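Residue numbers for the sequence shown follow the working numbering, so the first one is 1247 and each next one is one higher.
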Amino acid sequence: MSGSNSLPPAAPAKADRPEPLTMTVHSLPSVLDEPQPRSPADVRRGRIKLLLLLLVAASPVIASYFTYYVIRPEGRRNYGELVEQRALPAWTGTDLGGQAVPLDALKHQWLLISVADSACDEACQRHLYLQRQLREGLGKDKDKLDWVWLYTGSGEVSDTLKPALGSATALRVDNAQLASWLQPAPGQQLSDHLYVVDPMGNWMMRFPANADPKKVKRDLDRLVRAAAFWDQPGRPTDGAGAQ
């Protein structure tokens, strides 16, 4: 058309093309580089962290003992006598079936222990009956406690007594070895008392001779409650004795 200005056609736009991939190679540390020696301050900090981790792991046990032994309502007293803790010894007993049982396999449960000769006189039988009743008296917590009879001497246990021991752990042990672990109160004999071992395997309490069952039960209730948030029924592995 005359008189009009013609513009040249616009050049077609370049199609978007992906940029070629590029790779950047970073230098790698030499495997031959030796680690820098730690300063004494770093070593101290590492040890402090390890100690804190150990304290955290042990805190449930520490807290339960603190609750029972330290934080007490006014006028409250334990009936059983607290003793210097002694770990379950490594020696072996023999069960009623003649099988060898390491004594330290009884750990991870509260243990209520009586001691007597295998003949088991009237006082011994009263202890065994009391142990069974005290365990049953714990109700829903009874599976946290085993009642144990450690008997001495070479005589056989009476066949009439064995049925009453169905839920007990009964082990024949050496009298001299037993006397090196448990101890009676002054003027008393080993067989006069009931003894308590905690789930960590430490003998920690002795009840008086001719103990009052109600007061014994009260102490057992407190011990089990104080450890309720870390102590579970049963053992982590198969152990000796009936549950």
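Backbone N, C-alpha and C define an ideal beta-carbon position, used for all residues, glycine too. Bear in mind the structure is a predicted one, so any value in this text is a computation, not a measurement.
Check your understanding: Does the Cβ of L1352 lie closer than 7 Å to at least one heavy atom of the ligand GDP?
Key -> In the structure on display, the ligand GDP does not appear, and there are no ligands present to speak of.
Review point. According to the Cβ coordinates, are L1424 and P1430 closer than 8 Å?
Key: Taking the sequence shown and counting its residues from 1, one reaches residue 1424 at position 178. Taking the sequence shown and counting its residues from 1, one reaches residue 1430 at position 184. Going by C-beta atoms, L1424 is not nearer than 8 Å to P1430.
Check your understanding: When we look at the beta-carbon of D1484 and count the other beta-carbons within 10 Å, is it buried (16 or more) or exposed?
Key -> Along the sequence shown, read from residue 1 onward, the residue named residue 1484 stands at position 238. With a pLDDT of 46 at D1484, under the threshold of 50, the predicted position of this residue should be treated as unreliable, though the coordinate-derived value follows. So D1484 ends up on the exposed side.
Exercise for review: Compute the distance between the beta-carbons of V1419 and L1384, then report whether it is under 8 Å.
Suggested key: Indexing the sequence shown from 1 puts residue 1419 at position 173. Indexing the sequence shown from 1 puts residue 1384 at position 138. Between V1419 and L1384, the C-beta spacing is not below 8 Å.
Practice item. Use the C-beta contact count for I1294: other C-beta atoms within 10 angstroms, 16 or more gives buried, fewer gives exposed. Key: If you number the sequence shown from 1, residue 1294 lands on position 48. Taking all protein chains in view, the Cβ of I1294 is surrounded by fewer than 16 other Cβ atoms within 10 Å, so the residue is classified as exposed.
Review point. Per DSSP, T1415 forms a beta bridge with which residues?
Key: By one-based count along the sequence shown, residue 1415 stands at place 169. T1415 is bridged to V1394.
Check your understanding: Tell me the DSSP bridge mates of P1348?
Key -> Here the question's residue 1348 lines up with position 102 in the sequence shown. According to DSSP, P1348 bridges with T1338.
Point to revise | First and last residue of the uninterrupted beta strand (DSSP E) at E1330 | key: Residue numbering aside, residue 1330 sits at position 84 when the sequence shown is read from its first letter. E1327 to A1333 is the span of the beta strand (DSSP E), which, as asked, contains E1330.
Check your understanding: From L1298 to S1413, what distance separates their C-alpha atoms?
Key -> As a first step, residue 1298 is located in the sequence shown; it is residue number 52 there, counting from the start. As a first step, residue 1413 is located in the sequence shown; it is residue number 167 there, counting from the start. Their backbone Cα atoms lie some 41 Å apart in a straight line.
Check your understanding: Can S1426 and E1402 be called in contact, C-beta distance under 8 Å?
Key -> Translated into the one-based positions of the sequence shown, residue 1426 becomes position 180. Translated into the one-based positions of the sequence shown, residue 1402 becomes position 156. No, the pair does not count as a contact, with Cβ atoms beyond the cut-off.
**Study point:** CB contact flag (D1341, A1455, <8 Å)
**Key:** If you number the sequence shown from 1, residue 1341 lands on position 95. If you number the sequence shown from 1, residue 1455 lands on position 209. No, the Cβ-Cβ distance between D1341 and A1455 is not below 8 Å.
**Study point:** Integer-rounded CB distance, given that Q1345 should sit under 8 Å from R1481
**Key:** Along the sequence shown, one-based indexing puts residue 1481 at 235. Along the sequence shown, one-based indexing puts residue 1345 at 99. Not really, about 17 Å apart at Cβ, beyond 8 Å.
Point to revise | Between the CA atoms of S1285 and A1474 - distance to the nearest angstrom | key: Within the sequence shown, residue 1474 is the residue found at index 228, counting from 1. Within the sequence shown, residue 1285 is the residue found at index 39, counting from 1. A1474 and S1285 have their C-alpha atoms roughly 44 Å apart.
Exercise for review: Please go through the segment 1426-1472 and give each complete alpha helix (DSSP H) segment of 4 or more residues, from N-terminal end onward.
Suggested key: Scanning the segment 1426-1472 for uninterrupted alpha helix (DSSP H) segments of 4 residues or longer gives 1459-1472, listed from N- to C-terminal end.
Review point. Out of curiosity, what's the CA-to-CA distance linking R1471 and A1287?
Key: In the sequence shown, counting from the first residue as 1, residue 1471 sits at position 225. In the sequence shown, counting from the first residue as 1, residue 1287 sits at position 41. R1471 and A1287: Cα-Cα distance of roughly 43 Å.
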